[in-house]
Amino acid sequence: MKKTLLVVLIIAIAMGTVFAQGAKEDASAKGTKEIVILGKSMGNGFFDACFKGSEEAATEIGGIKTTYMAPPQATAEGQIEIIETLIAQRVDGIAISANDSDALISVAKKAMAAGVKVISFDSGINVGGRIVDLLPSNAELIGRQQIQLAAELTDYAGEVAVLSASAQATNQNLWIDWMKEEIKDPKYSKMKLVEVVYGDDAPDKSYREAVSLMQKYPKLQAIICPTTVGLLATAQAVKDAGKVGVVEVTGLGLPSEMKGYILDGTCRQMALWNPIDLGYTSTYILNALIEGTTKANVGDVIPAGRMDSVKVEKDGLIYMSTPYVFNKDNIEQYAAIF
Ligand code: RAM
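Taken in order, the sequence shown gives residues 18 to 355; the numbers are from the working numbering.
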């Protein structure tokens, strides 16, 4: 009798332990999911807007804590350091706008092996270093449109230069390749792309590079900046040089930052997509991956709240929509949003 009681007791204790462990696992599975939006660099309004979208999605989904992080300068090394820390902290997911498409692969693999869901957005990591890559729009479309915008401003003639972000930035480099392709079209035969320079998404360096371009090419007709940081700095440099209307400024700009320059004619037109939507959609994708409701196989459709849904294409690419073009007629309306 006593023996039976002891056996029952031992079984009960063992089961209790099992139940307790089960409860602990359930709690962590259902607990707050920690995700990080990792931008290219601090102080960039574009990523602040992306993070706003992430916060919006996190609130809608519930049970997600989202944090914005970025290195002081737009370097791969700075991002690698942060990712190492995030692996140690065991966050659940990271959405990265990469400063280098290859340099982050190894640390991103390490993160994924540790159970962290890693995606890239805005500026991609190559296949192998992320689960999916969320692109704001088709790279070809963005690149070709940059040349078209400059051509319209310069009557399809004259010297143009490109002032980009960092030399390794995945997104800008892709767009620049398409710009070089577009300008080969005979309709641009009177236009010449004289140089591509890099402001590293740093306002002061971008400003200095814009000044140098104007000095080096006295006949320069336009500077194309496929970076919000570069465009803002270039508009100021052209204005300070008294070259408004002489050197046209265009590219990809945040309406809230560029409103004044659009209205005063320094930058008569520019393009961009909605960065809030980009951060918002990244957060929905990360949540689905963490929850295990998708493995992001080609053809998978991932629900994305007010953005409806997104579809995983070949190589894990996900595309959003076409960029908007901003000018003095619509800038005020968009400047109030992002
Ligand atoms: C800068 C960044 C970002 C890019 C925008 C257009 O803010 O380089 O990656 O998408 O410009």
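We put the CB at the ideal spot given by N, CA and C, even for glycine.
message = For a quick check, are the C-beta atoms of V108 and E51 less than 8 Å apart?
response = As a working note, residue 108 is residue 91 in the sequence shown. As a working note, residue 51 is residue 34 in the sequence shown. Yes, these two residues count as a Cβ contact at 8 Å.
Any non-hydrogen atom of the ligand RAM within 7 Å of Q253 CB = Along the sequence shown, read from residue 1 onward, the residue named residue 253 stands at position 236. Result no, Cβ not under 7 Å from the ligand RAM.
query = Beta carbon of T10: closer than 7 Å to some heavy atom of the ligand RAM?
reply = Lying outside 18 to 355, the shown extent of the chain, residue 10 is not represented and no answer is given.
key: Coil, strand or helix - C242 by DSSP   = On the sequence shown, position 225 is the one that residue 242 refers to. In the structure shown, C242 sits in a strand (DSSP, three-state: E or B).
message = Less than 8 Å between C-beta atoms, sequence neighbours within five positions excluded: which residues of the same chain meet that for Y173?
response = For the purposes of this step, residue 173 is taken as residue 156 along the sequence shown, with counting starting at 1. Same-chain partners within the cutoff: K204, Y205, K207, M208.
message = Taking the alpha helix (DSSP H) that M129 belongs to, which residues open and close that run?
response = For this step, residue 129 is matched to residue 112 along the sequence shown. Residues 122-130.
ask   = Which runs of the beta strand (DSSP E), 3 residues or longer, sit entirely within the region 222-272?
value = 237-242, 265-268
query = Since T84 is in the beta strand (DSSP E), which residue starts that stretch and which ends it?
reply = Position 67 of the sequence shown, counted from the first residue, corresponds to residue 84. Unbroken beta strand (DSSP E) run through T84: 81-86.
query = In whole angstroms, what is the alpha-carbon distance linking K345 and P292?
reply = Counting from 1 along the sequence shown, the entry for residue 345 is found at position 328. Counting from 1 along the sequence shown, the entry for residue 292 is found at position 275. Their backbone Cα atoms lie some 20 Å apart in a straight line.
ask   = Do the CB positions of M287 and A258 come within less than 8 Å of each other?
value = Counted from its first residue, the sequence shown places residue 287 at position 270. Counted from its first residue, the sequence shown places residue 258 at position 241. No, the Cβ-Cβ distance between M287 and A258 is not below 8 Å.
ask   = E198: buried (16+ other C-beta within 10 angstroms of its C-beta) or exposed?
value = Taking the first residue of the sequence shown as position 1, residue 198 is located at position 181. Exposed is the call here.
key: Spatial neighbours of A250 in its chain, beta-carbon cut-off 7 Å, leaving aside the 5 residues before and after   = In the sequence shown, counting from the first residue as 1, residue 250 sits at position 233. Same-chain partners within the cutoff: G216, P220, S223, Y224, A227.
The alpha helix (DSSP H) enclosing A168, as first and last residue numbers = Position 151 of the sequence shown, counting from 1, holds the residue named residue 168. Here the alpha helix (DSSP H) through A168 covers 156-171.
query = At a cut of 8 Å, does the region 295-307 reach the region 86-105 through at least three beta carbon pairs?
reply = no
ask   = Any heavy atom of the ligand RAM closer than 7 Å to the CB of D257?
value = Here residue 257 is taken as the residue at index 240 of the sequence shown, counted from 1. Checking the Cβ of D257 against the ligand RAM gives no.
inquiry  = Closer than 8 Å is the cut-off here; do at least three beta carbon pairs connect the region 162-181 with the region 125-132?
reply    = no
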